[in-house]
Amino acid sequence: MSEEMKVIKTAEMQKIEEQMTMLVQTGRIDNLIDLMAVVSDQIEMTTTPMAEKMVKSIDNITTAGFVTENAVRYAMRENTNNEIPSMFGLLKLMKDDETRRGLAFMLNLTKGIGKQLS
Amino acid sequence: MKRRILIVGGGTAGTMTANNLAKKLMPEIDKGEIEITMISDSPKHIYRPGAMYVAFHKSHGNEFIRDQRSLLMLEIDFIVDKAVEIKAKENYVKGKSGTKYEYDYLVLATGCEVAADRIPGLEEGGDWFFSYEGAQKLAKKFEKLKKGRVLVTINFPKTPNIPHQCGIAPVETTIMLHDYLTERGVRDNVEIIYTYPKNAQGVEDGLFLQTPTSNVLPTVFDGVNVKYKTSFTLNRVDAQKKIAYSEEGEEMEFDILMATPPFIAAKVIRDSGLSEARDNEGWLPTDKQTLKVKGLDNVYTLGDTVDLAVSKAGGTIHNQTDVVADNIAAEVRYGYPTECYDGKVIAVAQMGLSCGMPLWYDYEEDVQPTPCSKLGSFVRLGFNKGLYWAAARGML
Numbered sequence: 003m004s005e006e007m008k009v010i011k012t013a014e015m016q017k018i019e020e021q022m023t024m025l026v027q028t029g030r031i032d033n034l035i036d037l038m039a040v041v042s043d044q045i046e047m048t049t050t051p052m053a054e055k056m057v058k059s060i061d062n063i064t065t066a067g068f069v070t071e072n073a074v075r076y077a078m079r080e081n082t083n084n085e086i087p088s089m090f091g092l093l094k095l096m097k098d099d100e101t102r103r104g105l106a107f108m109l110n111l112t113k114g115i116g117k118q119l120s
Numbered sequence: 107m108k109r110r111i112l113i114v115g116g117g118t119a120g121t122m123t124a125n126n127l128a129k130k131l132m133p134e135i136d137k138g139e140i141e142i143t144m145i146s147d148s149p150k151h152i153y154r155p156g157a158m159y160v161a162f163h164k165s166h167g168n169e170f171i172r173d174q175r176s177l178l179m180l181e182i183d184f185i186v187d188k189a190v191e192i193k194a195k196e197n198y199v200k201g202k203s204g205t206k207y208e209y210d211y212l213v214l215a216t217g218c219e220v221a222a223d224r225i226p227g228l229e230e231g232g233d234w235f236f237s238y239e240g241a242q243k244l245a246k247k248f249e250k251l252k253k254g255r256v257l258v259t260i261n262f263p264k265t266p267n268i269p270h271q272c273g274i275a276p277v278e279t280t281i282m283l284h285d286y287l288t289e290r291g292v293r294d295n296v297e298i299i300y301t302y303p304k305n306a307q308g309v310e311d312g313l314f315l316q317t318p319t320s321n322v323l324p325t326v327f328d329g330v331n332v333k334y335k336t337s338f339t340l341n342r343v344d345a346q347k348k349i350a351y352s353e354e355g356e357e358m359e360f361d362i363l364m365a366t367p368p369f370i371a372a373k374v375i376r377d378s379g380l381s382e383a384r385d386n387e388g389w390l391p392t393d394k395q396t397l398k399v400k401g402l403d404n405v406y407t408l409g410d411t412v413d414l415a416v417s418k419a420g421g422t423i424h425n426q427t428d429v430v431a432d433n434i435a436a437e438v439r440y441g442y443p444t445e446c447y448d449g450k451v452i453a454v455a456q457m458g459l460s461c462g463m464p465l466w467y468d469y470e471e472d473v474q475p476t477p478c479s480k481l482g483s484f485v486r487l488g489f490n491k492g493l494y495w496a497a498a499r500g501m502l
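If you read the protein sequences in the order shown, they are chains Z and W.
When we follow the working numbering, the leftmost residue of the first sequence carries the number 3, and every step to the right adds one.
When we follow the working numbering, the leftmost residue of the second sequence carries the number 107, and every step to the right adds one.
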């Protein structure tokens, strides 16, 4: 003699069951479980030193972004507020310490790239 | 007419707020209508939550210190000068250099400081991880520890309903200590006792300042063999005999006393006459919604200086800074503030060396403890070692 069991489900549980059924029927569930396994494996295989190195790279990128954003805003404002300089005016810009420091940085940056290309 | 915004303090609160203000008010800055100035007593910026990792040799510490100028947008004038006097009625702050910094809007972001001398014997007998020097000292002691007892004590400000700095830090470091000693293979020979004061904001005879977490902690501590005791309000330490005494009349011996010491506001705030806090602790009377200093229409405050019941932590400041910046920007543009702080605090607690627990709460809802995870620990690590600097720069 078989017994019938009555399971009371909330509307939310019913909805989840229907959607899961759809995933099983269409075969998508296999891919999703594989994806979850891949994510889980990545977490398992990541060590604290690995995470620290990745974070450092992100920090370097955001720092470069911040420095660049600042410089671009400054340059835009100066260009907007000043006339286009003459050749002599360009030379006068070079009298400024910060301009020369920036130029020296760009030249050293170029050398740093060059050293890696040789 | 050019309006001047002055920010006092180059910590997390001051730096985030200065950058957020510059971003929000960029059109006015471009037109030369707004000037933002920050004064700080140091050319360096220190990320304080990093210190607790130093205590367990998980960081050296130098990675948490950067040049303050490198964190500020170019539009912010940065001056190294210690604020020594606030003249709110005359709208200026005086620096140690003698300079008077006049303002139209003022942001007081001077944080809080350790006041271990308020507990007799604590300076000589106790250790804490709330500064890098203190954490380095503690790290050397933990490295040598082979057996004995580590006693954890926590002191709250005497002013009612004000938390100590970073409410969850004593729990975090207790479990980190367990993990560290386990790694070193000496945990079985070291007894860890976590104590908590009788009154912790709204909680009496508990283990944490919010009831849901207080109720869960016995299970957490049992799982890592940490002993715990409530109603131990530290009021004296005998550094020679290595005994801690409580207001409730108990005493406990220790080999290392890992204390959360009393905290007070910065001296310039305590001397300003703006605070009504008990024992000259200096907490600023703060409107919980606008974050204005009560009674002063053009002065805002945030972070560890306020007299609000929310945590004195970076996860609080990150949610307060946009309210302050939006309100000042609104005052500049419309003449009145438009935003309200809802008490939101978001953080990831370091529950041991490799487990992170996300947490959030606000004025209405307490923290609901959730299981910690390895992924949570990576999120915390990511914030500590990288994302914090982006957040300080107003990029996050």
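Cβ coordinates follow ideal geometry from the N, Cα and C atoms, glycine included.
Residue i - containing beta strand (DSSP E), residue span
i                : result
serine 337(W)    : Where serine 337(W) is concerned, there is no enclosing beta strand (DSSP E), given that its DSSP letter is neither H nor E.
glycine 506(W)   : With chain W covering 107 to 502 only, the question about residue 506(W) has no answer from this structure.
arginine 110(W)  : 109-114
glutamate 141(W) : 140-146
lysine 193(W)    : 189-193
tyrosine 442(W)  : It is not in any beta strand (DSSP E) - tyrosine 442(W) carries neither H nor E in the DSSP assignment.
serine 165(W)    : Note, serine 165(W): premise wrong, no beta strand (DSSP E); not H, not E.
threonine 504(W) : Nothing about residue 504(W) can be reported from this structure: the residues present for chain W run from 107 to 502 only.
tyrosine 467(W)  : 462-467
Continuous alpha helix (DSSP H) stretch holding residue i: start and end
i                    : result
tryptophan 389(W)    : Unbroken run through tryptophan 389(W): none, as it is neither H nor E.
tryptophan 234(W)    : First-last for tryptophan 234(W): undefined, no H or E at that position.
phenylalanine 90(Z)  : 89-95
phenylalanine 184(W) : Looking at the DSSP string, phenylalanine 184(W) is not in any alpha helix (DSSP H); the run it does join, the beta strand (DSSP E), is 182-186.
leucine 34(Z)        : 30-47
alanine 350(W)       : No alpha helix (DSSP H) contains alanine 350(W), which is instead part of the beta strand (DSSP E) from 349-352.
leucine 131(W)       : That residue, leucine 131(W), is in no alpha helix (DSSP H); it is neither H nor E in DSSP.
Distance cut-off 7 Å: residue i Cβ against heavy atoms of the ligand ADP
i                : result
aspartate 344(W) : For the structure depicted, the ligand ADP is absent and the ligand set is empty, with no information on it obtainable.
Backbone secondary structure at residue i - three-state DSSP
i                 : result
threonine 121(W)  : helix
isoleucine 78(Z)  : Reading the sequence as shown, one finds methionine at residue 78(Z) and not isoleucine. Three-state result, methionine 78(Z): helix.
asparagine 305(W) : strand
tyrosine 447(W)   : coil
glutamine 456(W)  : strand
tyrosine 406(W)   : strand
glutamine 21(Z)   : helix
alanine 371(W)    : strand
histidine 270(W)  : coil
arginine 499(W)   : coil
leucine 251(W)    : coil
glutamate 100(Z)  : helix
aspartate 344(W)  : strand
valine 473(W)     : coil
leucine 214(W)    : strand
valine 256(W)     : strand
Neighbourhood of residue i by C-beta, 6 Å cutoff - its chain only, sequence neighbours within 5 removed
i                : result
arginine 486(W)  : Val454, Gln456, Gly462
threonine 392(W) : Thr407, Val412, Asp413, Leu414
glycine 449(W)   : Val416, Asp468, Tyr469
aspartate 361(W) : Gly254, Arg255
glutamate 353(W) : Thr339, Asn341
Option nearest residue i by Cα separation, candidates the options
i                 : options                                    : result
leucine 465(W)    : Leu178(W), Ile298(W), Cys272(W)            : Cys272(W)
glycine 138(W)    : Val190(W), Gly117(W), Asn425(W), Arg109(W) : Arg109(W)
arginine 172(W)   : Lys164(W), Gly156(W), Glu181(W), Ala161(W) : Gly156(W)
glutamate 191(W)  : Asn425(W), Lys252(W), Ile182(W), Ser203(W) : Ser203(W)
threonine 118(W)  : Lys130(W), Ala128(W), Thr216(W)            : Thr216(W)
tryptophan 234(W) : Leu212(W), Gly201(W), Val438(W), His270(W) : His270(W)
alanine 365(W)    : Glu229(W), Thr396(W), Leu180(W)            : Glu229(W)
alanine 275(W)    : Phe236(W), Glu289(W), Asp432(W)            : Phe236(W)
lysine 501(W)     : Ala53(Z), Gln21(Z), Ile63(Z), Met24(Z)     : The identity of residue 501(W) in the sequence shown is methionine, whereas the question assumes lysine. Taking only the C-alpha atoms, the option nearest methionine 501(W) is Ile63(Z).
threonine 70(Z)   : Lys8(Z), Ile10(Z), Met108(Z)               : Met108(Z)
leucine 397(W)    : Leu214(W), Thr288(W), Met107(W)            : Leu214(W)
isoleucine 111(W) : Asn404(W), Ser337(W), Gly441(W)            : Asn404(W)
lysine 480(W)     : Gln474(W), Gly488(W), Val473(W)            : Gly488(W)
asparagine 433(W) : Thr123(W), Met107(W), Val114(W)            : Thr123(W)
lysine 200(W)     : Leu402(W), Leu363(W), Val114(W)            : Val114(W)
Cβ shell of residue i (< 8 Å), same chain only, five flanking positions each side left out
i                : result
leucine 177(W)   : Thr121, Asn125, His151, Trp495, Ala498, Arg499
cysteine 478(W)  : Ala455, Met457, Gly458, Cys461, Gly462, Met463
lysine 394(W)    : Leu414, Tyr447, Gly449, Tyr469
glutamate 437(W) : Tyr211, Asn404, Pro443
Other residues of its chain near residue i: CB distance less than 7 Å, five sequence neighbours each side excluded
i                : result
leucine 315(W)   : Pro269, Gly273, Ala306, Gln307, Val309
aspartate 410(W) : Gly217, Cys218, Gln271, Lys418
Open item on the list: Contact between the segment 228-248 of chain W and the segment 371-380 of chain W is defined here as three or more beta-carbon pairs at a separation below 8 Å; is this criterion met?
Closed with: Between the segment 228-248 of chain W and the segment 371-380 of chain W, the count of C-beta pairs closer than 8 Å stays below three; the two stretches do not touch.
Open item on the list: For the pair the segment 146-164 of chain W and the segment 184-193 of chain W, tell me if three or more CB-CB distances fall below 8 Å.
Closed with: Because the criterion of three Cβ pairs below 8 Å is met, the segment 146-164 of chain W and the segment 184-193 of chain W touch.
Open item on the list: Any contact between the segment 202-222 of chain W and the segment 277-297 of chain W? By contact I mean 3 or more CB pairs, one from each, below 8 Å.
Closed with: Taking 8 Å as the limit for Cβ pairs, the verdict is that the segment 277-297 of chain W does not touch the segment 202-222 of chain W.
Task: the segment 380-400 of chain W contacting the segment 336-343 of chain W, beta-carbon criterion three pairs below 8 Å - done: No, they do not touch.
Open item on the list: Taking 8 Å as the cut-off, does the segment 292-303 of chain W touch the segment 256-265 of chain W (at least 3 CB pairs, one atom from each stretch)?
Closed with: Touching, per the Cβ criterion.
Task: Residues of the segment 489-501 of chain W with Cβ closer than 8 Å to any Cβ of chain A, in chain order - done: In summary, chain A is missing from the structure at hand, where the protein chains are Z and W.
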